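*Asks:* Sharing a structure below in structure tokens format, with a few things to ask.
This is the structure:
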């Protein structure tokens, strides 16, 4: 079956696309040709006639790509994993207000929402079940797009969106290496805990960076080469000794919600593919893609992170020695949150 025919087959059982897709006409683009996409019936159509169908109001904009030389394509393997185990789970979220409370408990999401301009165009690459996309989409003037490879996760994201009447966000199925966006169309791109599950994290970052407007912000979260070690050690102990070792993970031992525990356990200890990275890796990616470093969580120079932190205020990346010291500090602290670190940059004009 051709891709066009497959798209039509999807569209046959699709619901009408949310109105937000009409408002995104100046943002969305065909992932193959780069031509603008417009809403036509229950799907999206490019200027060359290429049609993309939708399932349950979620356009299927996924296209296959050829891995760069020296890299392995793990797309289908990772897709199968998340179709079976959507992450994160909506365990304790049952309303708009509970999602706000949950986001408020996480410093990153709360600061991001407070400091992001109200009229920003936001793209979350690898949104999973869309909790951040839905949270940021509560602002009445933003346009927020969540893209993911996994339809099962996107369905859960859109179900929450529709149930609680969110109108400024949309979800699309996509390949991260072919983001369905026009070049220079986004004010903010967030990809948190995603690129390290691809076969070519650097290539994925380069594909995303092209979609930033001059002056646009990118926020990338990755497993750290040092801070990930405690999780890998626990993974090895789990393989050897089984369930009793779960008490060594505070997220597993401290939760009485079975769905939440399972989602975290599978993502951290059973994921089929991951890579680890250093702060210097990301600084190099920034430099090669015309992105200037702004800040990080934790701060690469070792300075403390404040509760009223200005996420987009330029800071020093510190010396190479300071960055190593900061990452070793993450290791000594037990590799909290799976050893994830975030780097923030701005696209040069």
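Residue numbers (my numbering): 7 to 355. Note that CB positions come from ideal geometry on N, CA and C, so glycine has one too. Quick caveat, the model's predicted, so the values are computed rather than measured.
#1: Quick check on the DSSP output: what are the complete alpha helix (DSSP H) runs of length 4 or more inside the stretch 150 to 210, in order along the chain?
#2: When the Cα atoms are used, what is the spatial distance from residue 146 to residue 24?
#3: At which residues does the alpha helix (DSSP H) containing residue 81 begin and terminate?
#4: Could you check which residue in 130, 183, 103, 165 has the C-alpha nearest to that of residue 36?
#5: Using a Cβ-Cβ cutoff of less than 6 Å, which residues in the same chain neighbour residue 339 once the five nearest sequence positions on both sides are dropped?
#6: Count the other C-beta atoms from every protein chain shown that fall within 10 angstroms of the C-beta of residue 239, then say buried if there are 16 or more, exposed otherwise.
#7: Which residues does DSSP list as the beta-bridge partners of residue 356?
#8: Below 8 Å on the Cβ atoms is my guess for residue 224 versus residue 149; work out the distance and round it to an integer in Å.
#9: Look at the alpha carbon of residue 304 and the alpha carbon of residue 222, and state the distance between them as a whole number of angstroms.
#10: At a threshold of 7 Å, does residue 164 count as lining the ligand NAD (C-beta to nearest heavy atom)?
#11: With distances taken between CB atoms, is the gap from residue 226 to residue 197 smaller than 8 Å?
#12: Between the C-alpha atoms of residue 71 and residue 185, what's the straight-line distance to the nearest angstrom?
#13: Taking the beta strand (DSSP E) that residue 46 belongs to, which residues open and close that run?
#14: Let's see if you can read the secondary structure: which residues bound the beta strand (DSSP E) around residue 301?
#15: Is the distance from the Cβ of residue 66 to the Cβ of residue 59 below 8 Å?
*Replies:* In brief:
#1: 157 to 169
#2: 16 Å
#3: 81 to 90
#4: 183
#5: none
#6: exposed
#7: In this structure the chain extends from 7 to 355, so residue 356 is not present and cannot be described.
#8: Going by Cβ atoms, the distance from residue 224 to residue 149 rounds to 17 Å, so no, they are not a contact pair.
#9: 21 Å
#10: In the structure shown, the ligand NAD is absent, as is every other ligand, since no ligand is present at all.
#11: yes
#12: 11 Å
#13: 43 to 46
#14: 297 to 303
#15: yes
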